[in-house]
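Sequential numbering of the sequence shown, starting at 1, is according to full-length UniProt numbering.
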Amino acid sequence: MINQKWLTTFMMLVKTGHFTHAAEKMHMTQPGVSQHIKKLEEQLKTTLINRYGKQFELSLAGEKLYQYGQQMLALEEQLHQAIEQDDPLQGECRFSCSGALAMHLYPHFLAYQCKHSGLNVSVEAAPNQNIIDDILDNKIDIGIVTQQEDSDELVQYQVGHETLQLVLPIQYKNEAIDFAFLNTLGFINHPDGFHYVEKVLKANNFNSYRGSESLSIKSYINQLSQILLPVSQGLGFTVLPARAIAQFEPQQSLYVAPLTHNVTEKLYLTKKRYRQLPARYEWFEQTICRLLEL
């Protein structure tokens, strides 16, 4: 690696064209400048300047080194500018949350991005543990999860809650709903399906329910917009957040069963504790809090 101190002296010498002037600019002695040039030539094993009298000309190697030095100075200036610059309307923004929240938040993010084309917005739908893992691996910067993590690496604060609902085909609106009936109908599973159904059935005393192993699985789909399609066609029941159900069309094909005990999950905005986020995230964080406010 080229000694940066010697290279700086060489660059100043070429810039001033004179040993004495270079020494004055760098607050050195003239012999000190000469010594740096000599050491640089020894390091590179080549002649950098050809002296004649009190003047000099660059060798071919010296010209190449000077070009290299100019490129390094330009890169250093770019680095300083990049460090100092934090444009709130430029750069990549990476988020992850449940599919239901993604459908709720993304249209607002997209409208903002349309106004500010310098932004690159990525929203990934994923279950809780995947979101936490991706935050810790720096694959995303902000996640929204329904659980608090015992980790010194994360900071979390509540931004809202999700209401979970039991949804069936409309033709079963007048049925007496117990676990035996639900299991005959069959469960439409999805990435958060077991977690959601466990919370709702246990909280509402569906006594025959014995965990996910006791469920009769009719179908599985990992695309949120498609989960309610088999329900609407009479093929089974499922449990989803109210936001996801409200966005499905046609609504008249669904029946949200009344529950004795409403089940809600707290929503926690989650990010790395010691990872400073750029200014462009401020709008998104404020918007998430506004849209999911308690």
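Using N, Cα and C, we set each Cβ at its ideal position, and we do this for glycine too.
In this chain, the beta strand (DSSP E) harbouring L269 covers V263 to K272. In the three-state reduction of the DSSP assignment, F206 falls in the coil class, being assigned neither a helical nor a strand state. Q156 has its alpha-carbon roughly 10 Å from the corresponding atom of D150. A direct Cα-to-Cα measurement between E198 and F237 gives close to 14 Å.
Pairing R280 with C114 gives a Cβ-Cβ distance that is not under 8 Å.
The beta carbon of V145 sits closer than 6 Å to those of N128, I131, Y268 and T270, all from its chain and outside the five residues before and after it, given in chain order.
When K173, K202 and H108 are compared, the shortest CA-CA separation from Q286 is found for H108. Just so you know, the alpha carbons of R290 and K5 end up roughly 53 Å apart. With distances taken between CA atoms, K39 lies nearest to N3 out of A111, I177, N3 and P250. The residue among D133, T8, D86 and E293 with its C-alpha nearest the C-alpha of Q276 is D86. Distance from the Cα of G62 is smallest, within the candidate group S212, S122, I49 and P241, for I49. Taking the C-beta atoms as reference points, V167 is found nearer than 8 Å to L240.
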